Ligand SMILES: N[C@@H](CCC(=O)N[C@@H](CS)C(=O)NCC(=O)O)C(=O)O
């Protein structure tokens, strides 16, 4: 049996897709079309009641959800590639940066840009809607930009977050940097250079090709 990976091209699952390819583990892919609502279908909710991607089904049928949990399991189950460094301080830094990327830059910032509607107060008069939507989206942009600014001095001038090897945090930072390009958010210098180094990796290019990006 192989791992079963539930993903959507161009979403946060791209980060996990990169980790799976870097580890060279066999996995089967199920693609969910988010705009079509595949993630809210009963057959997917049985697998992940949260209705989110990514999700990873293990050989024994157990299912992992949440980016950080999936990445942590991959790093521990396949330790050879050092996705989570041995050194405690480096490991903690990797966890900290990954959590900040997923929880704050993605969870608080990009969700306001991509799912603006979900932040609208209920019972809003129609005439107010547009103004609220613009304000929520603008707040999303501020959170993302501030997040990249916070990370900028934490990034090295070359290599990856914890040294020459990529880690879980590099894959997380990659997907939020990739989105920045698409929503017109400027990346500070070190974040942009990290993005280019990630994008230059053959396996990352392969993942983007597989997900339909040229
Ligand atoms: N905290 C979750 C967030 C996952 C998430 O928000 N995924 C988005 C796609 S990038 C999603 O599934 N959106 C559909 C929805 O929430 O309805 C994680 O780390 O996996």
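Numbering (the working numbering), first residue to last: 2 to 215. Glycine included, every Cβ here is placed at the ideal spot set by N, Cα and C. Please read all numbers here as calculations on a predicted model, not as lab measurements.
Rounding to the nearest angstrom, what Cα-Cα distance links residue i and residue j in this structure?
i	j	result
residue 151	residue 141	15 Å
residue 24	residue 133	44 Å
residue 139	residue 28	38 Å
residue 80	residue 131	49 Å
residue 213	residue 206	11 Å
residue 127	residue 113	19 Å
residue 101	residue 124	32 Å
residue 104	residue 110	9 Å
residue 136	residue 62	43 Å
residue 54	residue 69	12 Å
residue 155	residue 74	25 Å
residue 45	residue 60	18 Å
residue 191	residue 11	22 Å
residue 5	residue 31	7 Å
residue 176	residue 42	25 Å
residue 116	residue 201	30 Å
residue 16	residue 119	24 Å
residue 89	residue 208	30 Å
residue 250	residue 3	Past the edges of the chain, shown from 2 to 215, lies residue 250, and the structure says nothing about it.
residue 51	residue 108	15 Å
residue 300	residue 97	Given a span of 2 to 215 for the chain in the structure shown, any question on residue 300 remains unanswerable.
residue 129	residue 211	41 Å
Whose C-alpha, out of the options, is nearest the C-alpha of residue i?
i	options	result
residue 78	20, 199, 118 and 115	20
residue 82	10, 34 and 163	163
residue 216	154, 160, 123 and 149	What the structure shows of the chain is the stretch from 2 to 215, and residue 216 is not part of that stretch, so it cannot be assessed.
residue 171	58, 112 and 13	13
residue 106	181, 10, 50 and 30	181
residue 40	60, 62 and 66	66
residue 95	118, 51 and 161	161
residue 195	153, 26 and 117	153
residue 187	37, 144 and 97	144
residue 36	51, 159 and 9	9
residue 184	158, 3 and 146	146
residue 197	90, 118, 159 and 121	159
residue 165	18, 91, 52 and 58	91
Measure how close the beta-carbons of residue i and residue j come, nearest whole angstrom, since I'm counting them as under 8 Å.
i	j	result
residue 99	residue 173	5 Å
residue 22	residue 204	5 Å
residue 169	residue 72	4 Å
residue 56	residue 64	6 Å
residue 76	residue 84	4 Å
residue 7	residue 34	Contact doesn't hold; Cβ gap of about 12 Å is too wide.
So with Cβ pairs under 9 Å, would you call residue i a contact of chain C?
i	result
residue 188	Checking the listed chains, one finds no chain C in this structure; it contains a single protein chain.
In chain order, which continuous runs of the alpha helix (DSSP H) of length 4 or greater are located wholly inside the segment 30–68?
43–46
Quick check for students: name the residue ranges of the alpha helix (DSSP H) that lie wholly in the segment 107–161, counting only runs of 4 or more.
112–115 and 127–152
What residue ranges within the segment 169–195 form continuous alpha helix (DSSP H) runs of no fewer than 4 residues, ordered along the chain?
169–184
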